[in-house]
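Enquirer: Okay, handing you the structure first.
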Amino acid sequence: MVLQAIRDRAQNWIAWVIVGILIVVFAVWGINVYFEPEADVTVAKVNDVKITQSLYQRAYDQQRQQLASRLGSNVSEEFLEAMGLKRQVLDRLVEEEAQIQVSSDLGYRISTAQLVNHINQVQAFQKEGRFDRELYEQVLSSNALRPIVWEQEQRRVLLLTQPYRGVTSTHFVAKPELDAVLRLREQTRSLGYALLSLAKFEEGLQVSDEDIKAHYEKNQDRFKTAEEVKIDYIELNIADLAKAVPIDEAALKQRYEDQKSTFGVEERRRASHILFQVPSDADEAKVAEIRKKAEDALARARKGEPFDELAKTLSDDPGSATQGGDLGFFGRNIMEKAFEDAAYSLTEGQISDLIRTGFGFHIIKLTGIEAATFKPFDAVRAQLATDYQMSQAEDQFFQQLEKLETLSFEHPDSLAPAAQAVGATIQTSDWFARNAGTGIAENVKMREAAFTPDVLNGTSNSGVIELETNHVAVLRMRERKPPMLRPLDDVKATIVTTLKRERAGSQAAEQGKSLLDKLNAGEDPVTLASSMGTEWKRPGPIKRDESTLAPNLVRDAFSAPVPTEGKPSTGSVALANGDVVVYAVYEVKDGDIAQVKEEDRKVLRDQAERLGGQAMYQALIESWKSQVKSAVYPDKI
1 MVLQAIRDRA QNWIAWVIVG ILIVVFAVWG INVYFEPEAD VTVAKVNDVK ITQSLYQRAY
61 DQQRQQLASR LGSNVSEEFL EAMGLKRQVL DRLVEEEAQI QVSSDLGYRI STAQLVNHIN
121 QVQAFQKEGR FDRELYEQVL SSNALRPIVW EQEQRRVLLL TQPYRGVTST HFVAKPELDA
181 VLRLREQTRS LGYALLSLAK FEEGLQVSDE DIKAHYEKNQ DRFKTAEEVK IDYIELNIAD
241 LAKAVPIDEA ALKQRYEDQK STFGVEERRR ASHILFQVPS DADEAKVAEI RKKAEDALAR
301 ARKGEPFDEL AKTLSDDPGS ATQGGDLGFF GRNIMEKAFE DAAYSLTEGQ ISDLIRTGFG
361 FHIIKLTGIE AATFKPFDAV RAQLATDYQM SQAEDQFFQQ LEKLETLSFE HPDSLAPAAQ
421 AVGATIQTSD WFARNAGTGI AENVKMREAA FTPDVLNGTS NSGVIELETN HVAVLRMRER
481 KPPMLRPLDD VKATIVTTLK RERAGSQAAE QGKSLLDKLN AGEDPVTLAS SMGTEWKRPG
541 PIKRDESTLA PNLVRDAFSA PVPTEGKPST GSVALANGDV VVYAVYEVKD GDIAQVKEED
601 RKVLRDQAER LGGQAMYQAL IESWKSQVKS AVYPDKI
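Residues in the sequence shown are numbered consecutively from 1, following my numbering.
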């Protein structure tokens with residue numbers, strides 16, 4: 001975070017005053033207490049495994065960010081509280097830990113080969129369609145993640161998906177069951193209906209001035225303008241500073257040599273292996289026994305027995321054994337060091353000696369080599385120049401950022417000192433409200449800062465606002481328009497429309513109820529509809545996907561009970577536009593499954609099997625949860 005970088009570089013007199021205060025505190029209380037790790041709070045337990053507050057917080061922040069990316073500024077703390085996100089995240093962590101423990105007990109495992117293959121397939125780590133180690137480390141670093149931690153988390157994710165795939169992929173739908181679903185899907189219903197139009201009830205309705213005024217006075221909050229503000233602000237953007245940095249050709253060529261590996265693909269190797277796994281608790285006798293088996297296999301391979309067949313029958317690596325031991329292509333720093341060193345020491349087609357790693361004994365056969373390829377300097381010069389300018393501008397950016405933070409705080413009644421110190425121009429926004437704005441106010445962080453109490457009241461500048469990486473701003477209030485009640489004349493037409501709609505809706509609902517009651521009493525629907533100024537329509541048999549009728553009418557009609565002999569099933573439904581429909585279902589016929597095309601049958605079968613598999617897996621999860629002892633402490637989150 002750029003604000004943390006300010007503190008790392010702080011050298012002004014305020015920083016030294018703070019240091020002096022800390023020295024006194026340490027002298028009185030003892031410096032050691034500040035370096036003792038604070039115990040992480042336990043928010044839940046699954047058997048003996050603790051789910052810590054820090055783990056929960058990471059999961060919660062991740063879920064909140066995902067919601068924010070989809071919903072934007074609508075994601076407030078109040079919104080998250082109302083949807084119960086905190087408890088949802090906690091329950092999910094407990095459920096996942098239960099799955100991990102039970103699936104591990106059942107023998108589910110993730111091999112190194114499976115993990116490597118998974119990582120190689122992540123597009124964020126690929127350059128020109130291939131896994132790139134430096135890009136991998138760069139992406140993780142930019143997200144404050146260490147490879148070993150991220151890889152452990154991926155093992156956990158893969159372990160969670162193993163039983164899911166196993167259960168969902170084995171669920172099937174029997175033909176009689178599928179036929180029953182198809183008969184329902186292709187079912188037709190014959191109905192009649194009458195539409196009571198809201199517009200017709202609105203005709204001739206009069207709204208008095210007294211009614212308009214009463215509604216206006218009763219609902220004044222609805223007719224107030226949104227509070228709006230206009231701000232002054234200073235922007236500081238590293239991209240602007242970088243544009244002014246002169247380019248040094250010699251420096252660019254040196255950067256090219258230093259970073260050459262990022263502009264191409266280093267040598268990659270393809271290997272197959274046979275693994276003889278050594279349990280972590282194996283004693284010397286057991287290790288010797290496994291080594292003997294590995295040596296026998298090595299001798300057979302070197303005598304010419306097909307390596308892939310030996311791997312299929314002997315290897316303990318379930319991820320590669322079925323592929324004849326093939327691990328695919330990999331670069332440096334992917335495999336364990338002993339394995340990698342051996343693979344990179346072989347010639348193509350050569351078989352290694354026994355290699356011992358943390359997994360056990362390996363026999364490695366090198367099956368392919370991809371030579372390194374690199375782009376020439378001229379092809380990447382533009383990228384090098386941009387990177388060079390950005391790196392040269394970085395120190396200047398953080399120095400100016402420190403000044404901006406300090407001076408905007410020390411001079412809370414003006415932006416001028418800070419603007420002068422960093423060479424920035426004070427800009428002025430257009431008017432904007434809390435939930436919308438243009439220009440700089442399109443950024444939700446700017447709007448949120450502008451409407452904080454101290455800034456809104458004009459008593460201080462805002463803090464430094466991080467708009468995006470290495471792009472910040474500070475603002476202060478220029479003008480403010482509080483919410484104002486709009487004049488009655490401005491909203492009179494809206495009030496008239498609202499009152500007419502409310503009264504017409506009540507009349508339509510009342511007439512609809514009367515029509516339905518008489519219909520249920522056995523009166524003729526055609527005559528009834530005509531007496532009410534509408535008509536009784538008979539569109540003929542319809543299916544569930546009928547598009548010529550209102551969706552909620554079709555939905556209601558297919559939810560109605562099957563009619564009894566001589567007596568239709570009836571109901572009423574309000575449409576989205578306020579109209580009311582009274583309907584009767586006269587006949588229900590199951591679909592003719594003989595007319596269903598085979599491709600449609602297959603699509604429905606796949607869908608039914610997927611949904612059924614998911615339901616089975618959810619039932620399995622509930623069963624697993626009952627096998628563990630868990631406790632949650634929601635007051636700790």
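From the three backbone atoms N, C-alpha and C, an ideal C-beta is built for every residue, glycine too.
To the nearest angstrom, report how far apart Glu523 and Gln507 are at their CA atoms.
Expert: If you take the alpha carbons of Glu523 and Gln507, they lie about 21 Å apart.
Enquirer: Should the segment 232 to 240 be called in touch with the segment 358 to 374, which here means at least 3 C-beta pairs below 8 Å?
Expert: These segments do not touch.
Enquirer: Between the C-alpha atoms of Gly458 and Asn470, what's the straight-line distance to the nearest angstrom?
Expert: Roughly 27 Å between the two C-alpha positions.
Enquirer: Pick helix, strand or coil for Ala343, following the three-state DSSP scheme.
Expert: Note: Ala343 maps to helix in three-state DSSP.
Enquirer: Under the assumption that Val582 contacts Ser572 (Cβ atoms under 8 Å), give the Cβ distance between them as a whole number of angstroms.
Expert: About 5 Å separates the two Cβ atoms, so the contact holds.
Enquirer: Using the Cα positions of Val632 and Lys45, report the straight-line distance between them to the nearest angstrom.
Expert: So the alpha carbons of these two residues sit roughly 6 Å apart.
Enquirer: Report all residues from its chain with a CB closer than 7 Å to the CB of Gln627; omit the five preceding and five following residues, and keep chain order.
Expert: Cβ within range, chain order: Val102.
Enquirer: Can you look up Asp326 in the DSSP assignment and give me helix, strand or coil?
Expert: Residue state, collapsed to three classes: strand.
Enquirer: Anyone know if the C-beta pair for Ile274 and Ala297 falls short of 7 Å?
Expert: Against a cut-off of 7 Å, the Cβ pair of Ala297 and Ile274 comes out as a contact.
Enquirer: Let's see if you can read the secondary structure: which residues bound the beta strand (DSSP E) around Ser111?
Expert: No beta strand (DSSP E) holds Ser111; DSSP gives it neither H nor E.
Enquirer: What does the alpha-carbon distance come out to for the pair His118 and Ile51?
Expert: If you take the alpha carbons of His118 and Ile51, they lie about 26 Å apart.
Enquirer: Going by other Cβ atoms of all chains shown within 10 Å of its Cβ, with 16 needed for buried, is Glu599 buried or exposed?
Expert: Exposed, since its Cβ has fewer than 16 Cβ neighbours within 10 Å.
Enquirer: Are the segment 449 to 466 and the segment 403 to 421 touching by the rule of at least three beta carbon pairs closer than 8 Å?
Expert: Touching, per the Cβ criterion.
Enquirer: Using 8 Å as the threshold, is the segment 279 to 292 in touch with the segment 342 to 352, meaning 3 or more CB pairs across them?
Expert: The segment 279 to 292 is not in contact with the segment 342 to 352.
Enquirer: Please state whether the Cβ-Cβ distance between Gln187 and Asp545 is less than 7 Å.
Expert: In this structure, Asp545 does not lie closer than 7 Å to Gln187 by Cβ.
Enquirer: For the alpha helix (DSSP H) containing Leu195, name the first residue and the last one.
Expert: Note, Leu195: premise wrong, no alpha helix (DSSP H); beta strand (DSSP E) at 188 to 196.
Enquirer: How is the beta strand (DSSP E) around Ser429 delimited, first residue to last?
Expert: Per DSSP, Ser429 belongs to no beta strand (DSSP E) and is neither H nor E.
Enquirer: Measure the Cβ-Cβ separation of Leu671 and Val580 and say whether it is below 7 Å.
Expert: The shown model of the chain, from 1 to 637, leaves out residue 671, and the question about it has no answer.
Enquirer: Write down every uninterrupted run of the beta strand (DSSP E) in the segment 276 to 333 whose length is 3 residues or greater and which is fully enclosed by it, in chain order.
Expert: As far as the segment 276 to 333 is concerned, its whole beta strand (DSSP E) runs of at least 3 residues are 326 to 330.
Enquirer: For a quick check, are the C-beta atoms of Tyr108 and Leu159 less than 7 Å apart?
Expert: Yes, the pair counts as a contact, with Cβ atoms nearer than the cut-off.
Enquirer: Where in the segment 353 to 381 do unbroken runs of the beta strand (DSSP E), each at least 3 residues long, occur, reported from the N-terminal end onward?
Expert: For the segment 353 to 381, whole beta strand (DSSP E) runs of length 3 or above, ordered along the chain, are 360 to 370.
Enquirer: Applying the 10 Å Cβ sphere with the 16-neighbour rule, what's the burial state of Lys629?
Expert: Counting Cβ neighbours within 10 Å, Lys629 comes out exposed, since fewer than 16 surround it.
Enquirer: Given that a residue counts as buried once 16 or more other Cβ atoms are within 10 Å of its Cβ, and exposed if not, what is Thr161?
Expert: It is exposed - the Cβ of Thr161 has fewer than 16 other Cβ atoms within 10 Å.
Enquirer: To the nearest angstrom, report how far apart Thr262 and Asp308 are at their CA atoms.
Expert: Distance between the alpha carbons of Thr262 and Asp308 is about 34 Å.
Enquirer: Using three-state DSSP, classify Gln126 as helix, strand or coil.
Expert: Residue state, collapsed to three classes: strand.
Enquirer: Alpha carbon to alpha carbon, how far is Ser623 from Gln614?
Expert: Roughly 14 Å between the two C-alpha positions.
Enquirer: Between Arg92 and the rest of its own chain, which residues show a CB-CB distance below 6 Å, the 5 nearest in sequence each way excluded?
Expert: Excluding sequence neighbours, Arg92 sits near nothing in its chain.
Enquirer: Going by DSSP, what residue range makes up the alpha helix (DSSP H) through Arg165?
Expert: Taken as a continuous stretch (DSSP letters only), the alpha helix (DSSP H) holding Arg165 covers 147 to 170.
Enquirer: Ordered along the chain, which non-local residues of its own chain (more than five positions away) have a Cβ less than 6 Å from that of Gln392?
Expert: Val245, listed in sequence order.
Enquirer: Between Gly491 and Val207, is the Cβ-Cβ spacing less than 7 Å?
Expert: This sequence places Val at residue 491; Gly is not what is there. Contact: no.
Enquirer: Rounded to whole angstroms, what's the CA-CA distance from Pro176 to Ala584? Just pull it up for me.
Expert: Rounded to the nearest angstrom, the two C-alpha atoms are 31 Å apart.
Enquirer: What is the DSSP secondary structure of Ile637, counted as helix, strand or coil?
Expert: Three-state result, Ile637: coil.
Enquirer: Report the CB separation of Gly578 from Leu198 in whole angstroms; it is logged as a contact under 8 Å.
Expert: So it is a contact: roughly 4 Å between Cβ atoms.
Enquirer: Does the beta-carbon of Lys403 have 16 or more other beta-carbons within 10 angstroms, so that it is buried, or is it exposed?
Expert: Lys403 comes out buried.
Enquirer: In whole angstroms, what separates the C-alpha of Arg332 from that of Thr386?
Expert: The straight-line gap from Cα to Cα measures roughly 28 Å.
Enquirer: Please name the residue, chosen from Ala574, Thr425, Ala382, that lies closest to Lys653 on a Cα-to-Cα basis.
Expert: Here the chain covers residues 1 to 637 and nothing more, so residue 653 does not appear.
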